[in-house]
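First up is the structure itself, then whatever we jot down about it.
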Amino acid sequence: GFKFHEFMQRNGLMAIDMYNDLWKGPNYTFSRDYLGTSYIDHCVISSTFYRYVNGGITNEDELLNTSDHLSLVVNVNLSNINDFNAGNSAPGNNCRNAWDKLSKCDIEELFTKGVSQGLAEIKINLENKILDCDVSKEYIDSVLNRVTDILKTVSNHRIPKRKYNKRLKPYWNSSIKDLLKAKNKMWSEWKRSGMHRGNNVFWLRYKDAKRAFRRALRQAEVEYNINCQKDIDESQDIDARYYWFLANRHKKSGKNSNCIRNDHGIVLQEPDAVRQEWSNYFSQLFTPKECDNFDIDFKAHVNAMMDFMKRGYSENNDGSFNECFDENDLAMAIKSLNLIKHVA
Numbered sequence: 099g100f101k102f103h104e105f106m107q108r109n110g111l112m113a114i115d116m117y118n119d120l121w122k123g124p125n126y127t128f129s130r131d132y133l134g135t136s137y138i139d140h141c142v143i144s145s146t147f148y149r150y151v152n153g154g155i156t157n158e159d160e161l162l163n164t165s166d167h168l169s170l171v172v173n174v175n176l177s178n179i180n181d182f183n184a185g186n187s188a189p190g191n192n193c194r195n196a197w198d199k200l201s202k203c204d205i206e207e208l209f210t211k212g213v214s215q216g217l218a219e220i221k222i223n224l225e226n227k228i229l230d231c232d233v234s235k236e237y238i239d240s241v242l243n244r245v246t247d248i249l250k251t252v253s254n255h256r257i258p259k260r261k262y263n264k265r266l267k268p269y270w271n272s273s274i275k276d277l278l279k280a281k282n283k284m285w286s287e288w289k290r291s292g293m294h295r296g297n298n299v300f301w302l303r304y305k306d307a308k309r310a311f312r313r314a315l316r317q318a319e320v321e322y323n324i325n326c327q328k329d330i331d332e333s334q335d336i337d338a339r340y341y342w343f344l345a346n347r348h349k350k351s352g353k354n355s356n357c358i359r360n361d362h363g364i365v366l367q368e369p370d371a372v373r374q375e376w377s378n379y380f381s382q383l384f385t386p387k388e389c390d391n392f393d394i395d396f397k398a399h400v401n402a403m404m405d406f407m408k409r410g411y412s413e414n415n416d417g418s419f420n421e422c423f424d425e426n427d428l429a430m431a432i433k434s435l436n437l438i439k440h441v442a
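If you want it as structure tokens, here you go:
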């Protein structure tokens, strides 16, 4: 709750159900039999529009609500908000545009031409404003609002609509439908009896019917999800394990192959060529040569470090530096390392 309060303070938001004195309803928004009740749902609005709120209510027993969360309804006076109702002629929130009912030619004839005609006047006015260098921020906002209104108005009047059924779910079946009818029937009887609570018989019947409907709805949803997951796992065309086997087999290596340049100045990129070049390098490195041309400064550094190591380990008196090492001893020591794959 504290983090949520900080978030609202940072973004200029307000929870109407917490600050408005006109809010009505119970002191909880979530209810489940074995979990009890709690207040976890809020209605958040910008502090700029808070003065337009006329109150609200938490619906404890809404007929169409099938969730464990209660619905929150806000009463906002939109008539005082400028440009809110401009072009807002939608047939209803329960409808949506049915674009699939139109062909490409129909969309161009009904929607595109209508929008083009509405934008023609705005285009002429905008061009004149630009030529006169009289374009302000407020004018740009008004143009954008006008374009939005044209799009909404044309789509609402010329595009066919489809009613949205919020209970249309793939796991909806006849038994759930019967339980819903029984719940609605019990709610109607409870309403006609005066909507008394407590030990009222109509209230208890309605709560039992609502509980049975929710339980069946959740069970059907879980079974549907399990069957969908089982179909995906057992499908021969979409086998998840086989898919990832092929993906891991053919995917590119996450490590970029290092490029090296050989003694002849040729850049080697292929892994086999790089390995062969390193093999030749280490072979030449540990092969004695008759030429004694070497780095004098590096030899002096090595001798100085050897003297330092002798003085440091002389106290142990383990005889490590009393014996000489030849090339064979050095080669055997190198072969015992984990990096033997880099040595020819």
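Position 233 (the sequence shown) corresponds to 331 in our numbering; numbering is contiguous. For each residue, glycine too, the CB sits at the ideal point set by N, CA and C.
Here's a check: name, in chain order, each residue in its chain whose Cβ is nearer than 7 Å to the Cβ of Val252, leaving out the five neighbours to either side.
In its chain, beyond the 5 residues on either side, Phe209, Gly212, Val213 and Gly216 have a beta carbon closer than 7 Å to the beta carbon of Val252.
Scan the segment 274–339 and note each continuous alpha helix (DSSP H) run of 4 residues or more that stays entirely inside, going in chain order.
Runs of the alpha helix (DSSP H) spanning 4 or more residues and lying entirely within the segment 274–339 occur at 299–332, in chain order.
Can the beta-carbon of Ser273 be found closer than 8 Å to that of Ala310?
No, these two residues do not count as a Cβ contact at 8 Å.
Specify the secondary structure class of Ala371 as computed by DSSP and reduced to three states.
Residue state, collapsed to three classes: helix.
Of the residues Met106, Ile257 and Asn325, the one placed nearest Asp204, counting alpha carbons only
When only C-alpha atoms are compared, the closest one is Ile257.
Evaluate contact between the segment 226–243 and the segment 273–292, counting only Cβ atoms and requiring at least three cross-stretch pairs below 8 Å.
By the criterion of at least three beta-carbon pairs nearer than 8 Å, the segment 226–243 is not in contact with the segment 273–292.
Beta strand (DSSP E) containing Ile432: first to last residue?
Counted as a single uninterrupted DSSP element, the stretch harbouring Ile432 is not any beta strand (DSSP E) but the alpha helix (DSSP H) occupying residues Glu425 to Lys433.
Could you tell me which of Val241, Asn254, Thr164 and Ser136 sits nearest to Trp197, measuring between CA atoms?
Checking every option, the nearest Cα to that of Trp197 belongs to Asn254.
With distances taken between CB atoms, is the gap from Lys250 to Cys193 smaller than 8 Å?
Not a contact, by the Cβ cut-off of 8 Å.
Please name the residue or residues paired with Ile155 in a DSSP beta bridge.
Residue pairing of Ile155 in beta bridges, as defined by DSSP: Lys122 and Val171.
If you draw a straight line from the C-alpha of Leu242 to the C-alpha of Val233, how long is it?
Approximately 13 Å, taken between the alpha carbons.
Please classify Lys202 as buried or exposed, where buried requires at least 16 neighbouring CB atoms within 10 angstroms.
Taking every protein chain shown into account, the CB of Lys202 has fewer than 16 other CB atoms within 10 angstroms, so this residue is exposed.
Name the two residues that bound the continuous beta strand (DSSP E) containing Lys202.
From DSSP, Lys202 is part of no beta strand (DSSP E) but of the alpha helix (DSSP H) over Lys202 to Ile205.
Is it right to say Cys141 is buried, meaning 16 or more other beta carbons lie within 10 angstroms of its own, or is it exposed?
Buried.
CA-CA distance, Ala188 and Asn195?
Low per-residue confidence applies at Ala188: pLDDT is 46, beneath 50, and the placement is therefore not dependable, though the value from the model is reported in the following sentence. The straight-line gap separating the alpha-carbon atoms of Ala188 and Asn195 is approximately 10 Å.
List the residues that DSSP assigns as beta-bridge partners of Val142.
Paired residues: Ala113.
If you draw a straight line from the C-alpha of Arg303 to the C-alpha of Asn157, how long is it?
Just so you know, the alpha carbons of Arg303 and Asn157 end up roughly 19 Å apart.
Is the Cβ-Cβ distance between Asp166 and Phe128 less than 8 Å?
Yes; because the gap between Cβ atoms is below 8 Å, this pair is in contact.
Using C-beta distances below 7 Å, list every residue in its chain close to Lys101, excluding the 5 sequence neighbours before and after it, in chain order.
Counting only Cβ-Cβ distances below 7 Å, and skipping sequence neighbours, we find nothing.
To the nearest whole angstrom, what separates the beta carbons of Val174 and Val151, a pair I think is in contact under 8 Å?
Contact flag correct, Cβ pair sits at about 6 Å.
Per DSSP, Leu366 forms a beta bridge with which residues?
Bridge partners of Leu366: Ile358.
Roughly how many whole angstroms lie between the Cα atoms of Asn298 and Gln317?
Using only the alpha carbons, I get a separation of about 29 Å.
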